[in-house]
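**Q** Counting from 520, one number per residue, gives the positions in the sequence shown under the working numbering. Think of the CB as a built atom: it goes at the ideal place given N, C-alpha and C, for glycine as much as any other residue.
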Amino acid sequence: MPLAIILLLGVLFFGVERGGSQRWFLVWELQFQPSEFAKLALILTLARFYTRSKLALTSIWGHLLAGAITLPLVALILRQPDFGSAMLMLGIWQGMALAAGVAWRRLVIPPLITIALSPLIWLALRPYMRERILSFFDPGFDPLGVGLQRAPGPHRDWLGRTLGARVLRVLADRARVPARARDRFHIRGYRRTGRLIGATVLLAMFGLVILYCLLASLSAQDSFGGLIATGVMLIFVFQVVINVGMNAGVVPVTGLTLPLVSAGGSSVLALLAGLGLVTSVSHYREPTYIQTRPAPRHGGRR
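1. Less than 8 Å between the beta carbons of Ala605 and Phe556, yes or no?
2. Does DSSP put Trp623 in a helix, in a strand, or in coil?
3. Compute the beta-carbon to beta-carbon distance between Leu617 and Lys558, rounded to the nearest angstrom, for a pair I have assumed lies under 8 Å.
4. Can you give me the start and stop residues for the beta strand (DSSP E) that Leu565 sits inside?
5. How many Å lie between Ala622 and Gln740 at the Cα?
6. Judging by CA-CA distance, which residue of Phe544, Leu528 and Leu527 is the nearest neighbour of Val535?
7. Do you know whose CA, among Leu777, Leu609 and Leu653, lies nearest Ile761's CA?
8. What's the C-alpha gap between Pro630 and Ser736?
9. Suppose contacts are defined by Cβ-Cβ distances below 8 Å. Is Leu790 in contact with Leu775 by that definition?
10. Smallest Cα separation from Tyr731: which of Val800, Ala767, Ser785 and Ala575?
11. Thinking C-beta only, is Ile588 closer than 8 Å to Thr564?
12. Give the DSSP-derived three-state secondary structure of Leu549 in the structure shown.
13. Pick from Tyr569, Ala594, Thr633 and Leu574: whose alpha carbon is nearest that of Arg554?
14. With DSSP collapsed to three states, give me the class of Pro521.
15. Would a C-beta distance cut-off of 8 Å place Pro600 and Ser540 closer than the cut-off?
16. How should Trp547 be labelled, buried or exposed, when 16 other C-beta atoms within 10 angstroms of its C-beta is the threshold for buried?
17. Under 8 Å between the Cβ atoms of Leu561 and Leu526?
18. What separation, rounded to the nearest whole angstrom, lies between the Cα atoms of Leu609 and Gly717?
19. From what residue to what residue does the beta strand (DSSP E) around Val535 run?
20. Identify the continuous alpha helix (DSSP H) that holds Arg645 and give its terminal residues.
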């Protein structure tokens with residue numbers, strides 16, 4: 520956790536800026552995004568906290584203390600800015616608290632505080648963040664700018680073929696996604712063939728990964744390992760739901776990647792490391808020792 524905070528601080532001073540965000544270290548030709556690995560650091564820290572702290576499950580202060588552990592990472596990631604990853608951190612905190620056994624009446628306190636402070640949060644948001652939220656409720660707010668990704672495209676059948684006129688084909692296939700190479704689910708959804716089949720297979724594969732993490736969490740030998748598997752599962756759940764929902768137009772546009780699919784080497788490495796932790800949890804078993812020496816006899820010799 521301290522290393523994650525140091526890296527997030529360092530990227531604000533020594534990182535490279537791309538597209539108005541300063542999230543990456545550039546080492547020769549390699550880019551490194553520390554916020555992706557900070558997610559794993561948060562999962563390990565919270566798992567240890569909820570299994571070692573006496574206040575974690577017995578007091579509201581324990582839950583708020585876990586929030587105090589999470590907030591420095593959230594604040595540094597918002598500073599980059601990366602609103603999607605910051606909100607994902609808060610979701611991991613709340614989800615792991617629920618899995619650890621924190622009472623639901625304590626879980627609702629942070630959201631209530633957030634709602635109460637929403638006017639101040641709105642003023643603190645960057646202009647482009649506000650525009651994304653406004654374009655979510657009104658796609659016509661800026662149809663050629665921030666609302667471009669939510670603009671309606673051509674209607675297609677279940678194989679992905681255009682129904683009717685193809686006048687909007689260029690807008691849908693070329694201009695609809697500003698960063699085309701970074702959103703694979705969206706691009707696959709607008710190919711001529713295999714739209715429904717490809718999307719269904721991809722979502723089914725994500726479902727298998729999430730199910731594997733869930734089974735590893737339920738069968739873990741200790742609560743520490745179970746919480747680690749739960750945290751990794753939450754990353755996949757939140758990022759898949761938000762990314763797919765963003766492209767379907769049911770959640771605001773954000774920068775969260777589609778796990779293991781969207782472009783981004785740091786994201787792929789961090790997720791593979793997370794799956795490695797889940798595999799370790801699922802295969803870990805307490806060692807059994809076989810008694811090889813005979814038990815000592817009691818009493819004297821005959």
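**A** So, to answer that:
1. In this structure, Phe556 does not lie closer than 8 Å to Ala605 by Cβ.
2. Secondary structure of Trp623 (DSSP, three-state): helix.
3. About 17 Å separates the two Cβ atoms, so there is no contact after all.
4. Careful: Leu565 lies outside any beta strand (DSSP E), inside the alpha helix (DSSP H) at Pro553 to Arg571.
5. If I take the Cα positions, the gap works out to 23 Å.
6. Answer by Cα proximity: Phe544.
7. Ranked by Cα distance from Ile761, the first of Leu777, Leu609 and Leu653 is Leu777.
8. So the alpha carbons of these two residues sit roughly 26 Å apart.
9. Against a cut-off of 8 Å, the Cβ pair of Leu775 and Leu790 comes out as no contact.
10. It is Val800.
11. Cβ atoms of Thr564 and Ile588: closer than 8 Å.
12. In the displayed model, Leu549 falls within a strand according to three-state DSSP.
13. In the sequence on display, residue 554 carries Ser and not Arg. With distances taken between Cα atoms, Ser554 lies closest to Ala594.
14. In the structure shown, the three-state DSSP call for Pro521 is helix.
15. For Pro600 and Ser540, yes; Cβs fall inside 8 Å.
16. That one is exposed.
17. Cβ distance not < 8 Å, so Leu561 and Leu526 don't count as in contact.
18. Cα-Cα distance, rounded: 32 Å.
19. Run containing Val535: Val535 to Arg537, per the beta strand (DSSP E) assignment.
20. Where Arg645 is concerned, there is no enclosing alpha helix (DSSP H), given that its DSSP letter is neither H nor E.
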